[in-house]
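Mind the numbering: the sequence shown is residues 68 to 395 in my numbering, read in order. Glycine included, C-beta positions come from ideal geometry on N, C-alpha and C. Read through the structure below, which is laid out as structure tokens, and then see the notes.
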Amino acid sequence: MIQEVFRSRTREWADAEFFKRKIPPPMGPQGLLYGDKVISIVNGARRYCWPKPEENPYIANGDVGILTGDYKSYGKQFIPKNLVVEFVTHQGIGIKYFPSEFGDEKVPPLELAYALTVHKTQGSEFGLTFVILPNPCRALSRELLYTALTRQKDKIILLHQGEARDLLKFADASESETARRCTNLFADPNLIEVEKRFLEERLIHRTARGDRVRSKSEVILADKLHERGIDYQYEQPFVAAAGDHRLPDFTIDDAASGLKIIWEHLGMLTVPEYRERWERKRKWYEDRGVLPGPDGGPNGRLVVSEDLPNGGIDSKALDDQIRDVFDL
Numbered sequence: 068m069i070q071e072v073f074r075s076r077t078r079e080w081a082d083a084e085f086f087k088r089k090i091p092p093p094m095g096p097q098g099l100l101y102g103d104k105v106i107s108i109v110n111g112a113r114r115y116c117w118p119k120p121e122e123n124p125y126i127a128n129g130d131v132g133i134l135t136g137d138y139k140s141y142g143k144q145f146i147p148k149n150l151v152v153e154f155v156t157h158q159g160i161g162i163k164y165f166p167s168e169f170g171d172e173k174v175p176p177l178e179l180a181y182a183l184t185v186h187k188t189q190g191s192e193f194g195l196t197f198v199i200l201p202n203p204c205r206a207l208s209r210e211l212l213y214t215a216l217t218r219q220k221d222k223i224i225l226l227h228q229g230e231a232r233d234l235l236k237f238a239d240a241s242e243s244e245t246a247r248r249c250t251n252l253f254a255d256p257n258l259i260e261v262e263k264r265f266l267e268e269r270l271i272h273r274t275a276r277g278d279r280v281r282s283k284s285e286v287i288l289a290d291k292l293h294e295r296g297i298d299y300q301y302e303q304p305f306v307a308a309a310g311d312h313r314l315p316d317f318t319i320d321d322a323a324s325g326l327k328i329i330w331e332h333l334g335m336l337t338v339p340e341y342r343e344r345w346e347r348k349r350k351w352y353e354d355r356g357v358l359p360g361p362d363g364g365p366n367g368r369l370v371v372s373e374d375l376p377n378g379g380i381d382s383k384a385l386d387d388q389i390r391d392v393f394d395l
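Written as structure tokens, this is what we have:
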């Protein structure tokens with residue numbers, strides 16, 4: 068569609084009478100034209116090119132380039148019939164493709180690249196990337212979204228249908244293609260039904276109460292709260308007066324103290340980026356009246372627990388902290 072709209076004048080040149088044509092005719096099922104952006108969809112042998120380097124370049128599946136020829140300039144006598152591509156990976160070199168490679172019974176080596184699937188862009192690095200997410204998108208998973216969001220070096224623009232917060236669900240393990248696997252290497256799979264889908268029990272983090280959480284440490288904390296009869300909400304949005312919100316790990320309305328308790332468990336404080344994100348979140352809570360300490364703040368009490376520096380968790384310390392917070 069992009070080609071049809073923006074390259075219509077070029078199409079007229081390509082469809083001109085044989086002796087008047089300055090560029091090759093439309094090539095292949097997609098009608099490739101001089102000036103089109105294209106992608107190689109095959110791992111090809113070393114091809115004829117000009118200017119000729121010491122060794123002909125190898126064109127890999129996923130290489131992107133621009134059709135720069137053939138073009139019949141003023142005074143030239145030949146009839147344009149071949150396609151010449153300059154790829155990003157081989158700049159300054161024209162790679163030649165012949166009409167016989169685009170026959171009806173052959174898989175063409177090139178396709179238009181104005182819009183690409185996430186799969187075809189794996190391994191690419193673009194300065195600016197537009198990621199388009201329709202709704203519904205049955206192929207979308209946590210892994211696919213991660214790949215889409217990491218194809219850029221400078222800037223990414225996300226075009227989506229629906230609320231942006233709906234995309235947060237893809238951080239959950241149940242949205243992972245790995246978790247949807249129904250095979251195990253050494254044992255029969257043990258499938259459980261979660262929200263109308265079947266997941267491998269060993270590949271998700273599930274609490275004793277049946278909640279799906281993000282980490283094993285959160286499973287332990289959730290189970291300890293549940294054992295003590297403490298009713299918690301997992302990742303319930305905490306909405307501030309200004310309308311902005313955050314997702315606490317656990318939210319507990321404590322009847323004894325009359326406080327809303329926001330409990331955050333920190334698992335990767337040894338990672339600088341994680342620590343920085345936590346400091347920003349802590350400051351956000353503080354500015355909105357959620358404060359640490361027994362009396363908390365006007366909008367709640369902030370409680371923080373942590374993994375050990377080696378990544379482990381101190382189960383007894385968690386027990387002691389729960390007893391202290393809820394005066395048990």
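Worksheet item: Is it a yes or a no for the segment 284-300 touching the segment 344-351, going by three-plus beta-carbon pairs under 8 Å?
Response: no
Practice prompt. For Q70, count neighbouring C-beta atoms within 10 Å of its own C-beta (all shown protein chains included) and say buried if the count is 16 or more, exposed if not.
Written response: buried
Fill in: Three-way DSSP call (helix, strand, coil) for V109 in this model
coil
Worksheet item: Going along the chain, which unbroken runs of the alpha helix (DSSP H) with 4 or more residues stay wholly within the segment 258-329?
Response: 283-294
Item to complete: Kindly indicate which residue of L183, Q219, S282, A127 has the alpha-carbon position closest to the one of D194.
Response: Note on identity: in this sequence residue 194 is Gly, with Asp being the wrong assignment. Checked all of L183, Q219, S282, A127; the closest Cα to G194 is Q219.
Discussion item. Going by DSSP, what residue range makes up the beta strand (DSSP E) through V370?
Written reply: 367-373
Discussion item. Helix, strand or coil, according to DSSP, for V357 in the structure here?
Written reply: strand
Fill in: Closest residue to E192 among L216, K173, S75 (Cα-Cα distance)
L216
Practice prompt. Helix, strand or coil for Y125, going by three-state DSSP, please let me know.
Written response: coil
Discussion item. Please return the same chain residues whose Cβ sits closer than 6 Å to the Cβ of R276, not counting the five positions on each side in sequence.
Written reply: H293
Worksheet item: Using DSSP with H/G/I as helix, E/B as strand and the rest coil, what is I133?
Response: strand
Worksheet item: Enumerated in chain order, which unbroken segments of the beta strand (DSSP E) with a length of 3 residues or greater are wholly contained in the segment 143-210?
Response: 150-154, 161-164, 177-179, 193-200
Worksheet entry | Three-pair Cβ contact test at 8 Å for the segment 81-91 versus the segment 123-130 | no
Item to complete: Leaving out five residues on either side along the sequence, give the residues of the same chain with a beta carbon under 7 Å from the beta carbon of D221.
Response: G194, L195
Practice prompt. Measuring alpha carbon to alpha carbon, tell me which of P304, H272, D130, V286 ends up nearest L183.
Written response: D130
Item to complete: List the residues that DSSP assigns as beta-bridge partners of I380.
Response: Its beta-bridge partners do not exist; DSSP assigns none.
Practice prompt. Give me the Cα-Cα distance between R355 and N366, rounded to the nearest whole angstrom.
Written response: 7 Å
Fill in: Nearest-angstrom Cα separation, counted from I106 out to F165
16 Å
Worksheet item: Leaving out the 5 sequence neighbours to the left and right, which residues in its chain are closer than 6 Å to A81 when beta-carbon positions are compared?
Response: I90, P92, P93, L100
Fill in: Span separating the alpha-carbon of L375 from that of G102
58 Å
Worksheet entry | Expected contact under 8 Å - CB spacing of L226 and V185 to nearest Å | The pair is not a contact, with the Cβ atoms about 14 Å apart (cut-off 8 Å).
Fill in: Whole-angstrom C-beta distance between G170 and V151, which should lie under 8 Å
The Cβ separation is near 19 Å, so there is no contact.
Discussion item. Classify I224: buried if its beta carbon has 16 or more other beta carbons within 10 angstroms, exposed otherwise.
Written reply: exposed
Discussion item. Tell me the rounded alpha-carbon separation between G378 and R209.
Written reply: 24 Å
Worksheet item: Does DSSP classify I90 as helix, strand or coil?
Response: coil
Item to complete: Counting only the same chain and skipping the five closest in sequence on each side, list residues whose C-beta sits under 6 Å from that of Y115.
Response: K163
Worksheet item: For the alpha helix (DSSP H) that contains Q228, what are its first and last residues?
Response: Careful: Q228 lies outside any alpha helix (DSSP H) and carries neither H nor E.
Worksheet item: Who are the near neighbours of K236 in its chain, counting only those whose CB is closer than 8 Å to its CB and skipping five residues on each side?
Response: E242
Worksheet item: What do you get for A322, buried or exposed, if any count of 16 or more other CB atoms within 10 angstroms of its CB means buried?
Response: exposed
Fill in: Start-to-end residues for the alpha helix (DSSP H) that takes in F73
69-73
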